[in-house]
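In full-length UniProt numbering, the protein residues as written are 1 to 321.
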């Protein structure tokens, strides 16, 4: 008697589960589920007709995009890049009018390239999208922000600030009927946070801190926005603003165990390292960072080299980023 072929995975249900986990608990908790889900889908694909052959291309593309986003925020970059490429290949098989998610994939790719300090690749990705005609205003604003970050990392201050001005101008009137549903998360707080990161790259610590604080003070938002709070601590520490750094790190020490973004926890590590390298650091702040370093070591043990490569925002509202 031949073994029974397992039923094909429900890709839509998997995507919905990942979106809910990412929004509420963050990538640290969603990543293991994402990796199991990817293995299940790829195993089913290998089985051909008995697997995912009947799954709509758009649903499969969205699944891989969501998994790729989660693994990016979990700092699992090798697998994240591979899944984003799979999502792109799938979405480009769709009719032109059904390819909205392509822009979301490219947005995440551009952000990931900047995060990994590959600004020229990030600029190429963002500029290629901005060269398209008829972009919805919120999408154009988002890619101007991506462009600004790349310019800032390249030291091209004037161009970075012009890109930020363009993003502000295109966002001034709020959402439009032309904006895709997936872009709901790109709001004022998101723009302020990324504007702050650009200013930090340009060496304007005071301006960066003001905007990051505004982003952090905004109510609601997905779990990954803890990144802006962690980046604010990192900016303050690198600027040597010891009193503000101590106050902010003390506050974040309480919330760090609940942070779902691995990028955010790594940013806190960078803040702790900046204090450790600082001069005339107050004794109280030394104590704060010592305690926080111990907490971070418990919450997120450092990976072995290559582990993230082997194992490393969403297309359907309201649960997408």
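Every residue gets a Cβ at the ideal spot worked out from N, C-alpha and C, and that includes glycine. Predicted model, so just to flag it, every value in this text is computed and none were measured.
Report task. Just the C-alpha distance for residue 58 and residue 110, rounded to the nearest angstrom, thanks. Result -> 21 Å
**Report entry** Where residue 154 sits in the DSSP three-state scheme
**Finding:** coil
Requested in this report: Return the CA-CA distance between residue 147 and residue 135, expressed in angstroms with no decimal places.
Outcome: 15 Å
Query raised in the report: According to the neighbour-count rule (16 or more other Cβ atoms, all chains shown, within 10 Å of its Cβ), is residue 117 buried or exposed?
Result: exposed
Report task. Could you tell me how far apart the beta carbons of residue 267 and residue 230 are, in whole angstroms, since I believe they sit closer than 8 Å? Result -> 4 Å
Query raised in the report: Between the C-alpha atoms of residue 194 and residue 47, what's the straight-line distance to the nearest angstrom?
Result: 43 Å
Query raised in the report: How big is the Cα-Cα spacing for residue 245 and residue 233?
Result: 6 Å
Requested in this report: Express the C-alpha separation of residue 280 and residue 125 in angstroms, rounding to a whole number.
Outcome: 42 Å
Query raised in the report: Could you give the distance in angstroms between the alpha-carbon of residue 162 and the alpha-carbon of residue 131?
Result: 16 Å
Query raised in the report: Under 8 Å, do residue 68 and residue 91 count as touching if we go by C-beta distance?
Result: no
Requested in this report: Tell me whether residue 131 sits in a helix, a strand or coil according to DSSP, three-state version.
Outcome: coil
Query raised in the report: To the nearest whole angstrom, what separates the beta carbons of residue 149 and residue 201, a pair I think is in contact under 8 Å?
Result: 7 Å
Requested in this report: Would you mind working out which of 169, 36 and 152 sits nearest residue 188, comparing C-alpha positions?
Outcome: 169
Query raised in the report: Helix or strand or just coil, what does DSSP make of residue 78?
Result: helix
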